[in-house]
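Novice: The structure's right below; bear with me while I get my questions together.
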Amino acid sequence: MAERILMNEFKTLLKEKWVHVQLHDDDIFNWDVALIMINPDSMYYGGYFKASMTFPFNYPYSPPKFRFLKPLHHPNIYSNGKLCISILHAPGEDSMSGELASERWSPAQRVESVLISILSLLDDAEPSSPANVDAAVIFRKDPDLYRRIAKADVQKSKLDIPDGFEMPTHASTVREPVEKEDMEDDDFWADSDVDSDVFGGSDSDDELAMEQSSGSELDLDEHESADEDSAETKV
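Mapping the sequence shown onto our numbering, position 123 (from 1) lands on 133, and the numbers just tick up by one.
Rendered as structure tokens:
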């Protein structure tokens, strides 16, 4: 089951522009990931942050593991590139850390939700429970220096962009609004009548309706035949 779920999630993420995913050695349980910051308001905008993700064989009942290959100077990222983030912690409440079960991993989570949470963490650091104390101190006491360090991390990350890979930008990911032609009221209601079954009927529904209709006609024929027999008997 885990292989099928992971393959479906992998195929879905291949269509996204904010992440670049590949299988490591064609192993569905080991991914090479690059998070791409396309939020222009982020101090990490334009970064290409390579990471590895490994998945347990009982996924999604246990969380994946995530590690940046080049650690960022960030309050919630350890020096080995691992993260201090609730969504990657095992399911259930933790009385020691005070984390609620709703904040931690659950089988309802998916790879996409993990990666989005990590991108959000980059700009919304939590310095009160730091994995990197030095970064947490700079984050609180010298925001300008912290931003300069973040910009330097972005520039270093760009060295990992693969040859021929087209980096997305905020502008390239904004979808153009679809202009709809004005419709006359009569046309609208006419179309509505034609497509009144907005959810569409399944083939099984049609077959059931046909069976019910055939059954009704058969019952009617039987009643008519019975009436004719009765009339002949009276005569």
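The C-beta atom is built at its ideal place from N, Cα and C for all residues, glycine as well. Here the structure is a predicted model, which is why all the values come from computation and not from measurement.
Classify valine 143 as buried or exposed, calling it buried when 16 or more other Cβ atoms lie within 10 Å of its own Cβ.
Specialist: Sequence index remark: in the sequence shown, residue 143 carries index 133 (1-based). Its Cβ having fewer than 16 others within 10 Å, valine 143 is exposed.
Novice: Quick check: the Cα distance between arginine 120 and leucine 23, rounded to an integer number of angstroms?
Specialist: Counting from one through the sequence shown, the residue named residue 120 turns up at place 110. Counting from one through the sequence shown, the residue named residue 23 turns up at place 13. Taking the straight line from one Cα to the other gives about 11 Å.
Novice: Mind checking which residues open and close the alpha helix (DSSP H) that includes tyrosine 156?
Specialist: Numbered from its first residue, the sequence shown carries residue 156 at position 146. Taken as a continuous stretch (DSSP letters only), the alpha helix (DSSP H) holding tyrosine 156 covers 153-167.
Novice: Please check the pair proline 81 and phenylalanine 149, which I expect to be a contact at CB under 8 Å, by giving their CB distance rounded to whole angstroms.
Specialist: One-based indexing of the sequence shown puts residue 81 at position 71. One-based indexing of the sequence shown puts residue 149 at position 139. Between phenylalanine 149 and proline 81 the Cβ distance is about 15 Å, and since that is not below 8 Å, they are no contact.
Novice: Could you tell me if glycine 57 is buried or exposed, where buried requires 16 or more neighbouring beta carbons within 10 angstroms of its beta carbon?
Specialist: Here residue 57 is taken as the residue at index 47 of the sequence shown, counted from 1. Buried: at least 16 other Cβ atoms inside 10 Å.
Novice: For the region 147-166 against the region 32-39, do three or more pairs of beta-carbon atoms, one drawn from each stretch, fall closer than 8 Å, so that the two count as touching?
Specialist: With a cut-off of 8 Å, the region 32-39 and the region 147-166 do not count as touching, because too few Cβ pairs lie within range.
Novice: Alpha carbon to alpha carbon, what distance is there between threonine 64 and alanine 181?
Specialist: Taking the sequence shown and counting its residues from 1, one reaches residue 181 at position 171. Taking the sequence shown and counting its residues from 1, one reaches residue 64 at position 54. Between alanine 181 and threonine 64, the C-alpha separation is close to 32 Å.
Novice: Quick one: what's aspartate 37 bridged to in DSSP?
Specialist: Residue 37 sits at position 27 when you count from the first residue of the sequence shown. Looking at the DSSP assignment, aspartate 37 forms a beta bridge with His34.
Novice: Relative to the C-alpha of alanine 141, which residue among Phe20, Cys94, Trp115, His30 is closest?
Specialist: In the sequence shown, residue 141 corresponds to position 131, counting from 1. Closest by alpha carbon: Cys94.
Novice: Going by C-alpha distance, which of Leu169, Asn90, Trp115, Ser139 is nearest tyrosine 69?
Specialist: If you number the sequence shown from 1, residue 69 lands on position 59. Closest option to tyrosine 69, Cα to Cα, is Trp115.
Novice: Could you give the DSSP three-state label for methionine 47: helix, strand or coil?
Specialist: The residue you call residue 47 lines up with position 37 of the sequence shown. It is coil, neither helix nor strand.
Novice: Just how far apart, CA to CA, sit aspartate 51 and aspartate 133?
Specialist: The residue labelled residue 51 in the question sits at position 41 within the sequence shown. The residue labelled residue 133 in the question sits at position 123 within the sequence shown. Whole-angstrom Cα-Cα distance: 10 Å.
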